Amino acid sequence: MRLKDDHMQNGQLKPAYNAQISTENQFIVNYTIHQETNDFNTLKRHLENFEKLFGKKKLGELEELTADAGYGSEENYELLEQKNIIPFVKYNTFDKEQNAHYQAKHKTFSKEHLHYNQEKDYYVCPMGQKMEKTHVSTRKTKTGYPQKLSHYQAKNCDGCPIRGVCHSSKENRSIERNHHLEDYKEKIRELLNSEEGIKKRKQRSVEVEPVFAHLKHCNNFKRFTLRGLKKVELEFGLHALAHNLRKKVA
Numbered sequence: 001m002r003l004k005d006d007h008m009q010n011g012q013l014k015p016a017y018n019a020q021i022s023t024e025n026q027f028i029v030n031y032t033i034h035q036e037t038n039d040f041n042t043l044k045r046h047l048e049n050f051e052k053l054f055g056k057k058k059l060g061e062l063e064e065l066t067a068d069a070g071y072g073s074e075e076n077y078e079l080l081e082q083k084n085i086i087p088f089v090k091y092n093t094f095d096k097e098q099n100a101h102y103q104a105k106h107k108t109f110s111k112e113h114l115h116y117n118q119e120k121d122y123y124v125c126p127m128g129q130k131m132e133k134t135h136v137s138t139r140k141t142k143t144g145y146p147q148k149l150s151h152y153q154a155k156n157c158d159g160c161p162i163r164g165v166c167h168s169s170k171e172n173r174s175i176e177r178n179h180h181l182e183d184y185k186e187k188i189r190e191l192l193n194s195e196e197g198i199k200k201r202k203q204r205s206v207e208v209e210p211v212f213a214h215l216k217h218c219n220n221f222k223r224f225t226l227r228g229l230k231k232v233e234l235e236f237g238l239h240a241l242a243h244n245l246r247k248k249v250a
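Those letters in the sequence shown? Residues 1 to 250, per UniProt numbering, in order.
Right, dumping it as structure tokens:
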């Protein structure tokens, strides 16, 4: 994994584990250790471990989940939907979309802002040309989850006065869209910008992040001393237990 070694977030590729925690009032109630470079692929096993610890009934009573953009994938949104869990989970460009400068820079030409005719299934380019669907492809994620991608292409970009800023391809402009994911993102966007969503986003920053800060900086737990996944899980569990005991007696 590429680790953040200093305050400038400069890092190198090093052997490491990815520790995931769930907290309630800064108490660690669930943790899992992963050999994954990103957080996308950790949520499913993390929830499975929650069910193993507390039972299927308790998991069924879980009404909502708050997490950062590292977990915002189509696969995870579908997983939470199947379990009837409200996902206060950002997707990767959510924070950028809240920035007015980013919006002004990308609004005109980005594929996210092209007009889409859902009934007839085509897009319209900034100059008003139809971009018809050419084909549909399927791409599998690392976990084997199939993503359905729809491909669209303009018929003729020759002589277009804004071609240089619209796209850089030598061919006619083409885009690919994951409509299933876009539907999720639209719902997530509305949810996170609601009064409850804003509250949850603020709460997450003072719920989970301080726990990692205490473990790493107050308790000086910055690296594992044991080797092997099973031993590392045990080592992290001891630190989690110690953290909870300190909070209990504080």
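Yeah, the Cβ is synthetic: ideal placement off N, Cα and C, and Gly gets one too.
Computed from a predicted structure; not experimentally measured.
Between the segment 215-227 and the segment 189-198, the count of C-beta pairs closer than 8 Å stays below three; the two stretches do not touch. Just measuring C-alpha positions, the residue of I86, L114, A104 and K142 sitting nearest K130 is L114. Spatial neighbours of R163 in its own chain (CB-CB distance under 7 Å, excluding positions within 5 residues in sequence) are listed in chain order as C157. When the alpha-carbon of E176 is set against those of E81, G128 and D121, the nearest one is in D121. Under the three-state reduction of DSSP, A16 is assigned to coil, being neither helix nor strand. For the 8 Å CB-CB criterion, I85 and L53 do not form a contact.
About 6 Å separates the beta carbons of I28 and N244, which is inside the 8 Å limit, making them a contact pair. Within the DSSP bridge table, the entry for V136 names S150 as partners. Residue range F27 to H34 is occupied by the beta strand (DSSP E) that includes F27, with no alpha helix (DSSP H) assigned at that position. Within the model, the alpha-carbon separation for Q118 versus K105 is close to 25 Å. Collapsing the DSSP output to three states places I198 in a helix.
Each of P161, G72, K248 and N30 was checked against the Cα of V208, and the nearest Cα belongs to N30. Listed in chain order, the alpha helix (DSSP H) elements of length 4 or more contained wholly in the segment 185-240 are 195-207 and 209-213. Runs of the beta strand (DSSP E) lying entirely within the segment 89-122, each at least 3 residues long, are 115-117 in chain order.
With respect to the 8 Å criterion, Y102 and A69 are not classified as neighbours on the basis of their beta carbons. Sorting Y184, Y145, Q147 and V136 by C-alpha distance to the C-alpha of S174 places V136 at the top.
By alpha-carbon distance to V165, the top candidate from R201, I198, F109 and C125 is F109.
Straight through space, the alpha carbons of E171 and T134 are spaced by roughly 14 Å.
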